[in-house]
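Following the numbering used here, the numbering of the sequence shown begins with 396 at its first residue and continues without gaps.
For glycine and all other residues, C-beta sits at the position ideal for the given N, C-alpha and C.
Shown next, in structure tokens, is the structure this report addresses.
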Amino acid sequence: MPHEILAEKFREFARSEAAHSSPIYAGLALRVADSPELLELVAEGPSNQPFANLLFSSVRVVLAEEGRDIDAGDTAEVAFEKVVDIARRRRTELLHLMNTRIVQTNEVRRSIYLYCAFLRLSEEIGRRPVALIEIGASAGLNLVFEQHRYQFEGRTEFGNAKGRLCLTSVLRGSINPPAGNSGSPIFRRYGLDLNPLDMNSEADAAWLRALIWPDHTERITLLTEAILVQREFDIEMRKGDGIELLPSVIQEIPSDVVPYVFHTHVANQLSSEQKGKLLAAIERLGRDRDVIHVFNNIHPHLHATVVSGGRQREIPLARTEGHGRWVEWLDQGDP
Numbered sequence: 396m397p398h399e400i401l402a403e404k405f406r407e408f409a410r411s412e413a414a415h416s417s418p419i420y421a422g423l424a425l426r427v428a429d430s431p432e433l434l435e436l437v438a439e440g441p442s443n444q445p446f447a448n449l450l451f452s453s454v455r456v457v458l459a460e461e462g463r464d465i466d467a468g469d470t471a472e473v474a475f476e477k478v479v480d481i482a483r484r485r486r487t488e489l490l491h492l493m494n495t496r497i498v499q500t501n502e503v504r505r506s507i508y509l510y511c512a513f514l515r516l517s518e519e520i521g522r523r524p525v526a527l528i529e530i531g532a533s534a535g536l537n538l539v540f541e542q543h544r545y546q547f548e549g550r551t552e553f554g555n556a557k558g559r560l561c562l563t564s565v566l567r568g569s570i571n572p573p574a575g576n577s578g579s580p581i582f583r584r585y586g587l588d589l590n591p592l593d594m595n596s597e598a599d600a601a602w603l604r605a606l607i608w609p610d611h612t613e614r615i616t617l618l619t620e621a622i623l624v625q626r627e628f629d630i631e632m633r634k635g636d637g638i639e640l641l642p643s644v645i646q647e648i649p650s651d652v653v654p655y656v657f658h659t660h661v662a663n664q665l666s667s668e669q670k671g672k673l674l675a676a677i678e679r680l681g682r683d684r685d686v687i688h689v690f691n692n693i694h695p696h697l698h699a700t701v702v703s704g705g706r707q708r709e710i711p712l713a714r715t716e717g718h719g720r721w722v723e724w725l726d727q728g729d730p
């Protein structure tokens, strides 16, 4: 890719993505855009990944091997010097990471609205056992959502009272979501992803940590705790296209267990054709057995399709901020 196009990609990242969220990365991206040396390095990496996130995260993995990092207190100039240093001294390792890793995140705070949805939908199926199946699971951190404590700002905690991790959010609107302590028993957990990460692998865990921007210190803390919780559970991670894998996974689930399929962000990356294929797959599965499908980014809100006893219900659940920072619960009369 021509250097001038790459440079504009970094400038656009600084303006549109980092300016209001990460002053370090905003300033760093602008400096990379003006560096022929670093643009040449980036040009040797993949062209189908977010350039800035891939470069910066790869640099941070290599820095971590040396006991260093791009820190929250760094100026953009200091961060730039670290990037240049790694690019010069450890170019081979850096390019290997850039050409083998994929930019992906696992926003554990999304578990707060997933858990509220779980409580609501457990009642729809008479609290029968479920098998959780997350499409686009990444590291599977949101597959243990019933293990955490939760609190909406100014409200009483709910969820697992013994949970080591407490996730907070702001509740908008006038409708209270379910806020209990238990839902349906969970029979099994499946994570489907094109590039699943193993949190028992320190290399995979280090990559996931490096993807969180250095200014976002709270997210780093939450991720670290969430990894420790996830490691305590047996999660079946499957590599491949989640839509293609779904029928075979559901065949493994006993008939008295309800498949509970969910995804939070993956539909943003699907074409209209792929979205239609996913919805059609759920419809076909619902002809033979009860099934729940919870999803974002197809309707303008978090939505559920519930097939139970041959009856299908469409349930609008909530409007949500992308990382779970706020939730607005809906009633069933909302569009």
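Through-space distance from residue j to residue i, alpha-carbon basis
i    : j    : result
V456 : H543 : 28 Å
P695 : R714 : 8 Å
L712 : E502 : 19 Å
P642 : R708 : 21 Å
V656 : I528 : 5 Å
E412 : A447 : 10 Å
N571 : V565 : 12 Å
V653 : R679 : 15 Å
T616 : D466 : 14 Å
V427 : L673 : 39 Å
A621 : E472 : 32 Å
L560 : T612 : 15 Å
E461 : A600 : 16 Å
G705 : S517 : 17 Å
E519 : T563 : 26 Å
F690 : F513 : 12 Å
K778 : R567 : Nothing in the structure corresponds to residue 778, since the chain is present only between 396 and 730.
W608 : Y420 : 8 Å
H398 : E488 : 22 Å
R523 : S703 : 11 Å
E552 : Q546 : 5 Å
S650 : V701 : 16 Å
D685 : V661 : 23 Å
H415 : V525 : 40 Å
L458 : L450 : 12 Å
R406 : A675 : 40 Å
L386 : R505 : The structure shown does not extend to residue 386, since the chain is modelled only from 396 to 730, so the question has no answer here.
A592 : L425 : A small correction: the amino acid at residue 592 is Leu; Ala does not occupy that position in the sequence shown. Distance between the alpha carbons of L592 and L425 is about 31 Å.
A438 : M493 : 11 Å
I693 : N663 : 8 Å
DSSP beta-bridge partners of residue i
i    : result
L658 : The question names Leu, but residue 658 in the sequence shown is His. BP columns for H658 point to F690.
H698 : F690, P711
A737 : Nothing in the structure corresponds to residue 737, since the chain is present only between 396 and 730.
Q546 : T563
R682 : DSSP lists no partner for R682.
V525 : I581, V653
G586 : E529, M632
G422 : None, per the DSSP bridge assignment.
E723 : R567, R714
F553 : Y545
R410 : Bridge partners of R410: none, in fact.
S703 : R706
Residue burial classification, residue i (beta-carbon count within 10 angstroms, cutoff 16)
i    : result
L623 : exposed
S666 : exposed
K557 : exposed
I677 : buried
R463 : exposed
I687 : buried
E723 : buried
P730 : Bear in mind that a pLDDT of 41 at P730, under 50, signals an unreliable position, so the model cannot answer this.
Q625 : buried
F628 : exposed
G521 : exposed
H658 : buried
N537 : buried
D610 : buried
R496 : buried
A402 : buried
K634 : exposed
R515 : buried
M396 : exposed
I645 : buried
H491 : exposed
A409 : buried
N595 : exposed
The ligand NAP heavy atom lying under 7 Å from the CB of residue i
i    : result
E709 : For the structure depicted, the ligand NAP is absent and the ligand set is empty, with no information on it obtainable.
Min CB distance residue i to chain B below 8 Å
i    : result
G717 : Note that chain B does not occur in the displayed structure, where there is just one protein chain.
Does the contact criterion of 3 or more C-beta pairs under 8 Å hold for the region 426–443 versus the region 573–591?
With the cut-off at 8 Å, the region 426–443 and the region 573–591 do not touch.
What are the uninterrupted segments assigned as alpha helix (DSSP H) that are 4 or more residues long and contained completely in the region 614–672, given in chain order?
For the alpha helix (DSSP H) assignment, the uninterrupted runs of no fewer than 4 residues enclosed by the region 614–672 are, from N- to C-terminal side, 637–646.
Secondary structure, alpha helix (DSSP H): runs of 4+ residues fully inside the region 470–507:
You should have 471–484, 486–495.
Is the number of C-beta pairs between the region 520–537 and the region 582–590 that are closer than 8 Å three or more?
Yes, since at least three Cβ pairs between the region 520–537 and the region 582–590 fall closer than 8 Å, the two stretches touch.
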